[in-house]
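Here's the structure we're looking at; comments come further down.
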Amino acid sequence: MSMRLNTADRELQAKARAFTDELIPWEVEAEMNDGVLPPGVADGQAARAKELGLLSLNFPVEMGGPGYSMLQQVLIQEQTGRVSNALAWVVTTGPAWIRDVVTEHQMQRWIAPT
């Protein structure tokens with residue numbers, strides 16, 4: 589099967605690649621310290637991932653996610669796979685089953701704020 593990337597797909601892939609490039613300098617630090625980074629670094633990376641729209645990759649827009657297609661999720665994960673989980677954890681994929689069980693109250697109380 590052959591798939592062509594459209595402009596939005598290529599832009600998203602490039603954004604994920606650029607973000608991963610920002611993480612790479614921390615790879616040795618994470619590896620040498622059992623995945624622990626200096627104070628503030630992980631929080632800064634998480635904030636940057638949020639700013640770039642790289643959180644809850646598999647959540648639809650109505651649940652506060654970006655509404656990415658499966659292909660777009662793969663393009664992002666392909667790039668973050670270039671670093672260890674000590675760094676790539678900031679790009680999140682929530683539990684896919686949650687949309688099947690969450691009530692509106694739970695959605696507003698716990699999911700939407702995050």
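Note that the sequence shown covers residues 589 to 702 in the numbering used here. The C-beta atom is built at its ideal place from N, Cα and C for all residues, glycine as well. As the structure is a prediction and not an experimental result, all values here were calculated from the model.
- Secondary structure at Gly641: coil, using DSSP grouped into helix, strand and coil.
- Going by C-alpha positions, Glu650 is about 11 Å away from Glu692.
- For Phe607, the enclosing alpha helix (DSSP H) covers residues Thr595 to Leu611.
- When the beta-carbon positions are compared, Val679 and Gln660 stay at least 9 Å from each other.
- DSSP, reduced to helix, strand and coil, places Leu625 outside both helices and strands of the structure shown, so it counts as coil.
- Here the segment 590 to 602 does not lie against the segment 625 to 635, with fewer than 3 beta-carbon pairs under 8 Å apart.
- Assignment of Arg636 by DSSP, reduced to helix, strand and coil, places it in the helix class.
- If you draw a straight line from the Cα of Leu593 to the Cα of Met658, it is about 13 Å long.
- By a beta-carbon distance limit of 8 Å, Ile699 contacts Gly652. Their separation comes to about 6 Å.
- Each residue's CA atom was taken as its position, placing Val662 and Arg598 some 12 Å apart.
- Between Asn646 and Thr668, the beta carbon gap of about 14 Å keeps them out of contact (Cβ cut-off 8 Å).
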